[in-house]
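Notes for the one structure printed next.
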Ligand SMILES: [Ca+2]
Ligand SMILES: [Ca+2]
Ligand SMILES: [Ca+2]
């Protein structure tokens, strides 16, 4: 039993968890846009990070292919872009296909560029492909559209990832899942196979073209991408051993926080530092902090990057939704905390993030039923949205009533019995120890 668990047991026996939980109720999760019929249902993501200071627009991606803008200043919805022809009708309510991700170019203010991750068919009757495309907002720039990257999904209709964003050096990160087909953990055996794109997060330069003869591929592999182990590793692969990293984030220090949706047992968060040599998150040998149940489990691989936080399914949590390290001003007490949630339970938590590590334990902020995505604005504010945009919910923001007290695991311990030393140790507990603990 580690220090953390001992203190948790002490706190529980002292009845202090309940007090700490009630103190969190002063974070407000406020619905700012009600359900609106023309934009109902099957929202996959939200972003407000246009890289334009003071931009009040939020952008919702929907499975069927439309991008809907919501202007917080005017309270109005409008269609930003219709990409249904690119999705080509492959998205249904029973699969995980469609328009899944969107990111604005760091230079959007002058070049008007934005990127989407979607699945569709580029030829009638042809294979379903995952694609990243670049489009141009005609109000901001010129340059039209370009296919950046694509790969055949080989019949996969689930675990196709879909998150994209830029890292601090302006390279594009693309998350693609293991392409599972419900027949068992990583049935394609791709998680530990670096010769393909599946089960990976890719890193590419979308402003170079290493494929001059292929009009669908317009990118190059950055020279500083890691060299990964295995036979014929694809140089695009940046992080591997993931199942379905649906929503991730680049932290302020440049670390990549991967939120990998688990199979039947664990949800997990893994912080991959920019200079970390271990880039194997373990799937399908490992699910969270345990060997994967169901036949594929095994020992930790040599280049394993263990999860920094894992949680089980016992409390109704079943599908992690990664969020952001909060950098806004609406909830000053949350500054520097990573906020995330769970799609099935709707629970939303925060945990302090310092120097590339989680510090202390997660604590509950509230609940948004059928939570599907967090989004960040250009000003660092946090928003969230639901998959089912119908009755009862829409777009949410986080505010404070000024009385919000962040629960401090260390201070809880000191409150119990004056264990100042133990509290200090817990505060500085390195992430690799926290990783072995299901919280
Ligand atoms: Ca793979
Ligand atoms: Ca090309
Ligand atoms: Ca893992």
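Numbering (this note's numbering), first residue to last: 2 to 440. By construction, the Cβ of each residue, glycine as well, lies at the ideal position given by its N, Cα and C atoms.
Between the CA atoms of residue j and residue i - distance to the nearest angstrom
{"i": "residue 244", "j": "residue 285", "result": "7 Å"}
{"i": "residue 304", "j": "residue 202", "result": "16 Å"}
{"i": "residue 419", "j": "residue 301", "result": "Caution is warranted here: a pLDDT of 34 is assigned to residue 419, below 50, making its placement in the model unreliable, and no coordinate value can be reported."}
{"i": "residue 169", "j": "residue 251", "result": "8 Å"}
{"i": "residue 62", "j": "residue 196", "result": "30 Å"}
{"i": "residue 45", "j": "residue 100", "result": "7 Å"}
{"i": "residue 145", "j": "residue 115", "result": "11 Å"}
{"i": "residue 315", "j": "residue 178", "result": "24 Å"}
{"i": "residue 131", "j": "residue 120", "result": "4 Å"}
{"i": "residue 296", "j": "residue 323", "result": "27 Å"}
{"i": "residue 134", "j": "residue 346", "result": "33 Å"}
{"i": "residue 111", "j": "residue 51", "result": "11 Å"}
{"i": "residue 194", "j": "residue 325", "result": "29 Å"}
{"i": "residue 397", "j": "residue 148", "result": "32 Å"}
{"i": "residue 255", "j": "residue 278", "result": "15 Å"}
{"i": "residue 223", "j": "residue 125", "result": "33 Å"}
{"i": "residue 240", "j": "residue 408", "result": "33 Å"}
{"i": "residue 288", "j": "residue 140", "result": "45 Å"}
{"i": "residue 333", "j": "residue 403", "result": "9 Å"}
{"i": "residue 381", "j": "residue 49", "result": "9 Å"}
{"i": "residue 142", "j": "residue 171", "result": "18 Å"}
{"i": "residue 335", "j": "residue 350", "result": "11 Å"}
{"i": "residue 204", "j": "residue 75", "result": "37 Å"}
{"i": "residue 73", "j": "residue 33", "result": "8 Å"}
{"i": "residue 457", "j": "residue 173", "result": "No statement about residue 457 is possible, as the shown extent of the chain runs from 2 to 440 and does not include it."}
{"i": "residue 270", "j": "residue 299", "result": "19 Å"}
{"i": "residue 55", "j": "residue 344", "result": "30 Å"}
{"i": "residue 337", "j": "residue 327", "result": "5 Å"}
Inter-residue CB distance, residue i and residue j (contact presumed, cutoff 8 Å)
{"i": "residue 198", "j": "residue 152", "result": "5 Å"}
{"i": "residue 357", "j": "residue 272", "result": "6 Å"}
{"i": "residue 307", "j": "residue 400", "result": "Actually they are not in contact, since the Cβ atoms of residue 307 and residue 400 sit about 35 Å apart, beyond 8 Å."}
{"i": "residue 164", "j": "residue 246", "result": "7 Å"}
{"i": "residue 68", "j": "residue 369", "result": "21 Å between Cβ atoms; not a contact."}
{"i": "residue 366", "j": "residue 28", "result": "5 Å"}
{"i": "residue 160", "j": "residue 185", "result": "Contact flag wrong, Cβ pair sits at about 12 Å."}
{"i": "residue 138", "j": "residue 113", "result": "4 Å"}
{"i": "residue 371", "j": "residue 388", "result": "5 Å"}
{"i": "residue 249", "j": "residue 176", "result": "6 Å"}
{"i": "residue 294", "j": "residue 266", "result": "6 Å"}
{"i": "residue 98", "j": "residue 92", "result": "5 Å"}
{"i": "residue 318", "j": "residue 268", "result": "6 Å"}
{"i": "residue 200", "j": "residue 156", "result": "The Cβ separation is near 16 Å, so there is no contact."}
{"i": "residue 374", "j": "residue 47", "result": "5 Å"}
{"i": "residue 229", "j": "residue 280", "result": "6 Å"}
{"i": "residue 71", "j": "residue 53", "result": "About 15 Å separates the two Cβ atoms, so there is no contact after all."}
One or two residues paired with residue i in a DSSP bridge
{"i": "residue 399", "result": "30"}
{"i": "residue 206", "result": "221"}
{"i": "residue 343", "result": "321"}
{"i": "residue 261", "result": "269"}
{"i": "residue 359", "result": "354"}
{"i": "residue 151", "result": "132"}
{"i": "residue 282", "result": "Its beta-bridge partners do not exist; DSSP assigns none."}
{"i": "residue 121", "result": "130"}
{"i": "residue 237", "result": "In the DSSP output, where bridge partners are listed per residue, residue 237 has none listed."}
{"i": "residue 166", "result": "174"}
{"i": "residue 377", "result": "383"}
{"i": "residue 369", "result": "Answer by DSSP bridge pairing: none, since residue 369 is not bridged."}
{"i": "residue 288", "result": "291"}
Residue i Cβ short of 6 Å to ligand 5 heavy atom set
{"i": "residue 194", "result": "As far as ligands go, the structure on display features ligand 1, ligand 2 and ligand 3 and does not contain ligand 5."}
Stretch-stretch touch, CB-based, cutoff 8 Å, three pairs: the stretch 81 to 99 with the stretch 271 to 285: no
Given 8 Å, three or more beta-carbon pairs between the stretch 205 to 219 and the stretch 256 to 265: no
Nearest-residue set for ligand 2, Cβ under 6 Å from any heavy atom: 210, 212, 213, 215, 216, 218, 219
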